[in-house]
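The structure under discussion appears below in the form of structure tokens.
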Amino acid sequence: MLATGFVAFLFAPAASVGAVATPQIRAGDVCKKIGRRKSVGGKTFECVKTANGAKWKRAKVAPPPPTTSEVKVLDSTALALGASQNVVVTSGGRNIGAVVTRTAAGVVAFSRTCTHAGVSVSPGASGQLVCPAHGSVFNASTGAVIEGPAEIALTQYKATERNGSIYITL
Ligand code: FES
């Protein structure tokens, strides 16, 4: 019996001896935690709720914004201390959503694209930016995540203010 097992081991295909399985995800596979994202083989998947339970789905990843020069987005008088406002920056034929906040230290700007699954965030209560899709909350002054499922801060843009105008550089 032992000798038979040893012989079978010797002649087993190389792939089955000591092989380590690489975790794979395919769209439609069952997943456990709604909102969870994983990247496998350069593809990003998100666990979403379907009629047949939680399933992995290819996640949409927003393309990086094009490089552009400084663009005026608001008059200074339009933004009070502590206030945030959605703006649109037109660059390279594309409209890019940003949100501008006036802090005690000056103006700051962030991409409106939620780092969880790309839905647009908007100003919420008391210095927060809120995503309506799954409830992520970000700090409007720093872009940091206050509440998930997002785990990554919002992309920050350079914001400047001079001569009564607010500018964003993407
Ligand atoms: S897209 Fe899911 S929380 Fe924003």
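Just so we're aligned, residue 6 is where the sequence shown starts under this note's numbering, counting upward by one.
Note that the Cβ used here is the ideal one computed from N, Cα and C, for glycine as well.
beta-carbon residue i near the ligand FES non-hydrogen atom, thresh 7 Å
i, result
"Pro-154", "yes"
"Val-92", "no"
"Ser-141", "yes"
"Ala-32", "no"
"Val-35", "no"
"Cys-52", "no"
Own chain partners of residue i with C-beta closer than 8 Å, once the 5 adjacent residues on each side are dropped
i, result
"Ser-44", "Phe-50"
"Ala-85", "Arg-107"
"Ala-42", "As written in the sequence, residue 42 is Arg, which differs from the Ala given in the question. So the list reads Thr-49, Phe-50, Glu-51, Cys-52, Ala-64, His-121 and Ala-122, once near-sequence residues are dropped."
Beta carbon of residue i nearer than 8 Å to that of residue j
i, j, result
"Val-78", "Val-105", "yes"
"Phe-115", "Tyr-172", "no"
"Ala-32", "Lys-62", "yes"
"Ser-125", "Gly-102", "yes"
"Ser-141", "Ala-164", "no"
Three-state secondary structure (DSSP) of residue i
i, result
"Ser-141", "coil"
"Ala-110", "coil"
"Ser-131", "coil"
"Leu-15", "Because the pLDDT at Leu-15 is just 42, under 50, the model does not fix this residue reliably, and the value given afterwards should be weighed accordingly. Here Leu-15 sits in helix by DSSP."
"Tyr-162", "strand"
"Ser-44", "strand"
Close beta carbons around residue i, own chain, < 7 Å, minus the five adjacent residues each side
i, result
"Phe-16", "The predicted model places Phe-16 with a pLDDT of 46, which falls under 50 and marks its position as unreliable; any figure quoted below should be read in that light. Excluding sequence neighbours, Phe-16 sits near nothing in its chain."
Any non-hydrogen atom of the ligand FAD closer than 7 Å to residue i Cβ
i, result
"Ala-114", "Ligands in the displayed structure: the ligand FES; the ligand FAD is not one of them."
At least 3 beta-carbon pairs within less than 8 Å: the region 53-62 vs the region 144-153: no
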